Amino acid sequence: MAKLKTTFFCQNCGAQSARWIGKCPSCGEWNTYVEEVIQREEKGKGMISFSGSDKARKPTAIGEITFDTDQRIDLQNEELNRVLGSGLVPGSITLIGGEPGIGKSTLMLQVALHCDKLKVLYISGEESAQQLRMRGERIGIKNENCYIFTETNTQVIFQHIEVLQPGLVIIDSIQTLHTDNIDSSAGSISQIKECASEMQRFSKITNIPVFLIGHITKDGSLAGPKILEHMVDTVLNFEGDRNYGYRILRSVKNRFGSTSELGIFEMQDTGLREVSNPSEILLSQRDEEVSGIAISATIEGLRPMLIETQALVSSAAYGMPQRSSTGFDAKRLNMLLAVLEKRCGFRLGAKDVFLNIAGGIKVDDPAIDLAVVAAVLSSNEDIPIDTKTCFAAEVGLSGEIRAINRIEQRISEAEKMGFERIFISRYNQKGLDTKKFAIRIIPAKKIGELYALLFTQL
Ligand code: TYD
Ligand code: MG
């Protein structure tokens, strides 16, 4: 028997090496190299076959290539369509990554079951057909043309696709697929790469769009999706806190649209509900004014939304004060607290500070700084902030309140949501037509000024 050819692959980033090495020179991770068999069978044997053979195709001058501008496929899901850039492009390959249990299978099955104009083939290597049917019952079956196939071998999958001729193929998940062309086990880096490239060739030749589901775990033990990013057309990340209902679908790479779009969903008993008005996340049930709460007018992707930040400042019971934050960068919180301490003279050094963003979502927008500061001050003083007040500005290292982008959009959203006052940076006032807003716009330059306006004058 011929000697098997093997190579070592980094399970974290996919780098290759002829011998085992302890530390990956590419990503710097330790002990991630695993030996994998990469020997291919003789050419021709076990090759994928699908209609629209390569022979018919030849190089074409770019001007002669025809395309249809409104060819995009409507997936009957506003949020998903939006993230993809107003629908799915035929022949495109999209990777949906996310931690296990976040709802990737639910989202894709929902697309398969609700897209009643399409024949969809859902290939599952993780769940049985019965389990999928049960899940389908919860979500509601609208598409009689949704086919379920539990198979992991790509050659078998292609044979069935040829017979069924679906308009959309969903693979759940890429880590469970294996191809006969490579000997290593399913889920290994070389298998994932080869299966994805077979899928990519398939979608490009047949013009059938493909969704690939890929797991990412926090410790990166199941690699894969990272090494596929350059192969696919679109990479979407499904994220959120499993303990909360809200999920955000972000586009990380999109060859056919903007990467700043995002879709928001809420996990319910009957599947994922589209959240078309994201500010509803903020509307936490609260009848009375409580200290430590401030509303921020943020923009995630291209969408303005109002988010509630909650802070709790209390005297540290045990020597070392604690700082903890959920949904907001802990380092940034420490920085803001240092600014409050050093530049504004608030004695927070011996206090515990806890910060929480309502709804379990993560916010990167720097415009939330001012609301964080306001919430911390409000809790520290134990004076509630008026519920009709919101904030939108960044805070700099010297305690200055800095301008942020797209201020008008934020102000309009706050106005639309019924807010009566918005604090912004004085530097944002330039060119801002305040007359067109009914909401009161209060500019401030320094944290000290904000403090005076909030707790001594209002
Ligand atoms: P799932 O799609 O299996 O996650 P993934 O494929 O990303 O691993 O979804 C997992 C969770 O979603 C599971 O904990 C149950 C929950 N869920 C609901 O809350 N409502 C529903 O209607 C469905 C189908 C699932
Ligand atoms: Mg799943």
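Note that the sequence shown covers residues 0 to 457 in numbering that gives the first Met the number 0.
Glycine included, C-beta positions come from ideal geometry on N, C-alpha and C.
Please read these numbers as outputs of a predicted model, since none were measured by experiment.
Within 7 Å of the C-beta of Glu98 there is not a single heavy atom belonging to the ligand MG.
Inside the stretch 291-362, DSSP marks whole alpha helix (DSSP H) runs of 4 or more residues at positions 329-341, from first to last along the chain. When only Cα atoms are considered, Gly84 and Ser257 end up about 7 Å apart. Unbroken alpha helix (DSSP H) stretches of 4 residues or longer found wholly inside the stretch 99-139: 103-113, 128-138, given in chain order. Looking at the backbone, the Cα of Pro277 and that of Phe422 are separated by about 21 Å. In this structure, Leu431 sits away from Ile400, with a CB-CB distance that is not shorter than 8 Å. Taken through DSSP and simplified to helix, strand or coil, Ile215 comes out as coil.
Set against 7 Å, the gap from the CB of Glu299 to the closest heavy atom of the ligand MG is not smaller. Between Pro383 and Val289, the gap from beta carbon to beta carbon is short of 8 Å.
Nearest Cα to Glu193 within the set Val371, Gln154, Arg81, Val110: Gln154. Summarising the contact set, residues whose Cβ lies nearer than 6 Å to any heavy atom of the ligand MG are, in chain order, Lys103, Ser104, Glu125, Asp171.
Exposure of Asp73 is indicated by the presence of fewer than 16 other C-beta atoms within 10 angstroms of its C-beta. Proximity of the stretch 132-145 to the stretch 90-98 falls short of the contact definition, fewer than three beta-carbon pairs being nearer than 8 Å.
If you draw a straight line from the Cα of Lys341 to the Cα of Ser397, it is about 9 Å long.
For Ser189, the CB contacts under 7 Å within the same chain, skipping 5 residues up- and downstream, are Phe8, Glu35, Ile37, Ile181, Ser183 in chain order. Shown here for Glu28: same chain residues with a beta carbon closer than 8 Å to its own, the five before and five after excluded, namely Cys9, Asn11, Cys12, Lys22, Gly219 in chain order. For Met198, the uninterrupted alpha helix (DSSP H) segment begins and ends at 188-205. Comparing alpha-carbon positions, the option among Thr149, Ala128, Leu106 lying closest to Asp268 turns out to be Leu106. Excluding its 5 nearest sequence neighbours in each direction, Ala111 has C-beta neighbours in its own chain below 8 Å: Val119, Tyr121, Asn142, Cys145, Leu167, Ile169, listed in chain order.
Nearest Cα to Ser127 within the set Glu150, Asp351, Glu287, Ala402: Glu150.
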